[in-house]
Structure formats: structure tokens, C-alpha cells
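Chains as they are written, first to last, in full-length UniProt numbering: chain A, 1 to 139; chain B, 1 to 139. All residues carry an ideal CB built from backbone N, CA and C; glycine is no exception. Predicted model only: the values in this text are computed from it and were never measured. Single-structure report; data block below.
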DNA sequence: ACAGTCACTCTCCTTTTGGTGTGTATAAAT
DNA sequence: ATTTATACACACCAAAAGGAGAGTGACTGT
């Protein structure tokens, strides 16, 4: 058992692993990541990051292929979590503007790394899939 | 319309936005992110990153709360995408070892940023949720 | 008078996700 | 002789996710 190890461990990717990970924090962070690592959240985050302040239907157009239901739902969730601000203008027809908060921007920056990774490495993934299928066919 | 803008644009988070984003690549990267940004994938990635080479049930224990079905399924997907290597020892009872590939390690490193972001900012999210609910109650 | 606009909401309905429980092979341990 | 351990596969089922489409409310342009 290596429970008693005192020297700071390192993960294979070089990240430090604290010996004491508060399980409550762990659970909470997992929950947050679970929510944040959502398809529509990421895409909306991206278009808002690119375009700045936007209106409901415009976001829908830019994201593409999202239903009104999911757009509303995801925006609400993001507003609740403090990623976007929602500004309602009491005019008719209704006008609502969305934009990223500082927290939302920081999330965008954090996800930027993943996005770049995907763009840089997608060929490796494609190649791996090719090889995998070949191996399957051979076996 | 700002279709004709030639000066390189910048997103709010400082990332450069190429004017020409190959829609096929875009779609592909979205697909990859959609798969990769999966709860179990991330958690398995994490434990493998921390512990190095591991066996099936050990991964299950470390991840916690995952069914055998999902563990098998997710590991297969990760193997297919080239994130993990699967080594089968033809012994009885069966022994299968899993470990991250270089590609898997790089993905772990990319996600590290998001993980750290979540750990650093979870309080802000909590606070935002508090405020949101208060506003809802008041309205 | 009447269709159109915007940002939704609400009600179905289908698809996907994921858990559970069972089966399997075989050798070692009891 | 029976149980145990391992790494699954397979079938079944419940729950959740998510899409389609209709409705809404008030004003504005024709």
C-alpha cells in the first residue's frame, strides 16, 4: 500500500497530485465538469466568445442545429452558473442580449486548450480509428 | 455584415479566429470534443493518468460508481480513439492491463486546464447559483 | 384586418443513455 | 465438489435527453 507515501507524487502528465483530495471538493468539481463539459454549453461558449454580445436567435443560427428548447435550457443553465449575463429589453417584439461574464470568459480560455488539442490531434485519432478497425477486421 | 473583414479577428478571450474555418474540420473537431467531453472518459483518463498501468476492476474501483458495462464501453472507445493501450494476458483468470498512450497523455494534459479551472473557480459558480436563486425568489 | 417578429413555453414523441442482472470459461483455492 | 476470481458479452428495462411543432403576447408594417 502506498497510502503512507509523503513525497509529492506526480501524475504521468506531470500534474501534481495532492495526497489529500477533499472528497467533497472532488465530487463538486466532478459535478461542475460534468455540466460544463456539455456539447451545447461548449458551442454556445464558443460563439459568444467569438461574437461578444448576441441575441437569442443569432446564437441559435451561429451554433447551428440546436433546438430552441436546448438553446433556452443551456443559456439558463449558463446564466445560473454565472457564465453569461442576460439583459432583457422591455420592448416589443422582445429583445434579449447575452454576453459572457468574466467567469464565462475564463472558462472559454480553459477550454481553449482542449479545443486546440482536438484541432491539433484529430488526425492521430482518425489514424487510430483506422488501425483499430483494421485490427478488428483481421481478428 | 462583417464578412469582408480582413484584419485577423480576436475572440474576447484572446484566441485568434481564422476567417476560414473548414466546416468539415469544424464538424470533426466538434464530434471529437463531444465524445471526449464525456463524464466517464474524463474520470478514467484521470485515474489512468495518476496510476499508470491498471487492470479492469482496479480502474472501476478508483473511478467509483461506474458499472462494468460503462467501464468496458468507455475503455473500448478510448482504445479505438488511441488513448489507451489494452494488453491481454492469456491466463486464467483473465488479466487485462490498460495504460495511456502518448495521445491519451496529451489529452489529459489538455484537460488539466479545465480541471484546474473548475477547482479554482467552483466557489464563483456556487456564489452565482446562490444569487441566481435569490433573484428567482425575489422575482 | 392581418400576417410577421422575437423569445420564449409547453406538450408530445423518439432516441439515447446507462443500470442491473445473468451467463461464460477455467484454474486455483477451500 | 463447490466456490471464487477476472473480464467481459448480452438482453432487458427505466430514465433522461433532446427534437418537432404549436401556442403566446403585444406591437409594427401593409
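- The C-alpha of residue 75 of chain B lies about 22 angstroms from the C-alpha of residue 27 of chain A.
- Within 8 angstroms of the CB of residue 115 of chain B, the CB atoms of chain A belong to 29 and 33, in sequence order along the chain.
- Nearest to residue 123 of chain A by alpha-carbon distance, out of B:128, B:103 and B:132, is B:103.
- Burial check for residue 46 of chain A: the Cβ neighbour count within 10 Å reaches 16 or more, so the residue is buried.
- Looking at B:65, B:114 and B:128, the one whose alpha-carbon comes closest to that of residue 108 of chain A is B:114.
- Counted as a single uninterrupted DSSP element, the beta strand (DSSP E) harbouring residue 87 of chain B occupies residues 84 to 89.
- Residue 41 of chain B counts as buried, since at least 16 other C-beta atoms from the protein chains shown sit within 10 angstroms of its C-beta.
- Classified as buried, residue 110 of chain A has 16 or more neighbouring CB atoms from the shown chains inside 10 Å of its CB.
- Non-local beta-carbon contacts of residue 54 of chain B in its own chain, meaning distances under 8 angstroms to residues more than five positions away in sequence, involve 47, 48, 62, 97, 98 and 99 in chain order.
- Distance check between residue 43 of chain A and each of A:59, A:88 and A:136 places A:59 closest, using alpha-carbon atoms only.
- Residue pairing of residue 100 of chain B in beta bridges, as defined by DSSP: B:84.
- At a cut-off of 8 angstroms between C-beta atoms, residue 111 of chain B counts as an interface residue with respect to chain A.
- Excluding its 5 nearest sequence neighbours in each direction, residue 82 of chain A has C-beta neighbours in its own chain below 8 angstroms: 101, 103 and 104, listed in chain order.
- The shortest C-alpha to C-alpha distance from residue 35 of chain B to any of A:33, A:39, A:112 and A:131 is the one to A:39.
- Listed along the chain, the chain B residues whose CB falls inside 8 angstroms of the CB of residue 37 of chain A are 37, 38, 39, 42 and 114.
- Against chain A, a Cβ distance below 7 angstroms from residue 121 of chain B picks out 103 and 106.
- A Cβ-Cβ distance of about 17 angstroms is found for the pair residue 33 of chain A and residue 32 of chain B, leaving them out of contact under the 8 angstroms criterion.
- When the Cα atoms are used, residue 88 of chain B and residue 121 of chain B turn out to be separated by approximately 41 angstroms.
- If you look at residue 60 of chain B, you'll find it in the alpha helix (DSSP H) that goes 56 to 63.
- Here the alpha carbons of residue 85 of chain B and residue 135 of chain A stand approximately 13 angstroms from one another.
- Listed in chain order, the non-local C-beta contacts of residue 79 of chain B below 7 angstroms within the same chain comprise 86, local neighbours out to five positions each way being set aside.
- If you look at residue 44 of chain B, you'll find it in the alpha helix (DSSP H) that goes 39 to 51.
- Rounded to whole angstroms, the gap between the alpha carbons of residue 66 of chain A and residue 77 of chain A is 15 angstroms.
- Taking CB atoms only, residue 97 of chain B has no neighbour in chain A less than 8 angstroms away.
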